[in-house]
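Down below is the structure, laid out as structure tokens.
Numbering (full-length UniProt numbering), first residue to last: 1 to 83.
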């Protein structure tokens with residue numbers, strides 16, 4: 001599993017929320033973190049995945065190993081459109 005081997009559990013949680021279009025401020029609130037901590041995790045995600053933005057991260061995550069059937073409906077729709 002691409003994400004499991006590359007990213008930590010918290011980074012996967014954040015990436016899942018990024019894939020749903022969630023802003024850093026909302027991610028921070030939902031996970032009980034500061035916005036700066038979320039930003040640091042996002043930077044780490046980008047570096048580990050060798051991407052430059054949220055769209056690239058989401059696309060690479062979904063194309064690598066995500067099971068579309070298990071994703072929230074909005075995420076699966078976004079992937080179907082971009083594929």
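The beta carbon of each residue, even a glycine, is placed where N, CA and C say it ideally should be. Since the model is a prediction, treat every value here as computed from it, not as a measurement.
| Asked | Found |
| --- | --- |
| Count the other C-beta atoms from every protein chain shown that fall within 10 angstroms of the C-beta of residue 40, then say buried if there are 16 or more, exposed otherwise. | exposed |
| DSSP on residue 49, reduced to helix/strand/coil? | helix |
| Apply the 10 Å Cβ neighbour rule to residue 24 and answer buried if 16 or more other Cβ atoms are within range, or exposed otherwise. | buried |
| Determine the direct distance from the alpha carbon of residue 7 to that of residue 55, and round the result to whole angstroms. | 17 Å |
| Could you tell me the boundaries of the alpha helix (DSSP H) in which residue 13 lies? | 9-19 |
| Determine whether the beta carbon atoms of residue 15 and residue 46 lie at a separation below 8 Å. | no |
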